[in-house]
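Chemist:
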Amino acid sequence: MGAEVVAHKVYCYPFQQVVNSYLNKYPTPLEKNVTAIKTVEEQIDPATGILYRRRIATCTNVIPSFLRKWSILKVGNVYLEEESWLDMKERVMNLKSRCLTWAQYASMNEESVYRESKHNSNWTEFSQKGTITVTGAGYLNCVLEKFAQTFLKQGAKKSISVMEKILEERYGSPVA
Numbered sequence: 168m169g170a171e172v173v174a175h176k177v178y179c180y181p182f183q184q185v186v187n188s189y190l191n192k193y194p195t196p197l198e199k200n201v202t203a204i205k206t207v208e209e210q211i212d213p214a215t216g217i218l219y220r221r222r223i224a225t226c227t228n229v230i231p232s233f234l235r236k237w238s239i240l241k242v243g244n245v246y247l248e249e250e251s252w253l254d255m256k257e258r259v260m261n262l263k264s265r266c267l268t269w270a271q272y273a274s275m276n277e278e279s280v281y282r283e284s285k286h287n288s289n290w291t292e293f294s295q296k297g298t299i300t301v302t303g304a305g306y307l308n309c310v311l312e313k314f315a316q317t318f319l320k321q322g323a324k325k326s327i328s329v330m331e332k333i334l335e336e337r338y339g340s341p342v343a
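Going by the numbering used here, the first residue of the sequence shown is number 168, and it counts up by one from there.
1. For a minimum of 3 consecutive residues, which ranges assigned as the beta strand (DSSP E) are wholly contained in the segment 174 to 201?
2. Please tell me whether Ile-333 and Lys-192 are closer than 7 Å, where the distance is taken between their beta carbons.
3. List the endpoints of the continuous alpha helix (DSSP H) containing Gln-316.
4. Is DSSP giving Leu-247 helix, strand or coil here?
5. Is it right to say Ser-251 is buried, meaning 16 or more other beta carbons lie within 10 angstroms of its own, or is it exposed?
6. Thinking C-alpha only, which one of Gln-316, Glu-283, Tyr-338, Thr-298 is nearest Glu-257?
7. Tell me the residue span of the beta strand (DSSP E) that contains Glu-292.
8. Quick one: is Lys-263 near chain D, going by C-beta distance under 7 Å?
9. What is the C-beta distance between Thr-298 and Glu-171, in whole angstroms, given that I count them as a contact (C-beta under 8 Å)?
10. Helix, strand or coil for Ile-230? Go by DSSP, reduced to three states.
11. To the nearest angstrom, report how far apart Ser-274 and Thr-268 are at their CA atoms.
12. With DSSP as the reference, please indicate the residues paired to Glu-112 in a beta bridge.
13. When the Cα atoms are used, what is the spatial distance from Leu-240 to Glu-312?
14. Between which two residues does the beta strand (DSSP E) containing Leu-265 stretch?
15. For Phe-318, which residues from the same chain have a beta carbon less than 6 Å from its beta carbon, with the 5 sequence-adjacent residues on both sides left out?
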């Protein structure tokens, strides 16, 4: 069946500041569940100037203990892969993320875009769509999808809040 999460935000900061803050936001004491980020690939397309990055995030396992009774869910860390394409000419960064840890039982995919606002060139628009589909857990599929959907909704709100705090700490009050 699957579940979906959608988020939108306009940051009242220029594109370059938002992208720099995003790419350097973890680890941070503002979000303790993301413990490490490692860049495993980085290259620039000489023809387009688009910078491609592939990063792996190490996160603490936040699945409730009552669900960790199943051995598959009893892991210390969860690993996420993020791919990004940064196009400074067009002022857009596209991202795709997926969970690596339980890939044989579930798919968790997010697609995000940061782009210079069409309404104000000093602002940056953010949009994100995530989907979660669990298979192979029988009647628990829906329960696990609902938990994942709730967690991702909370995570999206927290991620936006963390970005706002980091932007304000680094660059001061938002640009009107």
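Think of the CB as a built atom: it goes at the ideal place given N, C-alpha and C, for glycine as much as any other residue.
Modeler: Result, derived from the coordinates:
1. none
2. yes
3. 307 to 338
4. The three-state reading of DSSP puts Leu-247 in strand, counting E and B together.
5. The residue in question, Ser-251, is buried, as its Cβ has 16 or more Cβ neighbours within 10 Å.
6. Glu-283
7. 291 to 301
8. The displayed structure is made up of one protein chain only, and chain D is not part of it.
9. 5 Å
10. coil
11. 10 Å
12. As displayed, the chain neither begins before 168 nor continues past 343, which places residue 112 out of reach and without an answer.
13. 14 Å
14. Note that residue 265 corresponds to Arg in the displayed sequence, not to Leu. 259 to 266 is the span of the beta strand (DSSP E), which, as asked, contains Arg-265.
15. Apart from the 5 residues on each side of it in sequence, Phe-318 has no Cβ closer than 6 Å to any other Cβ in its chain.
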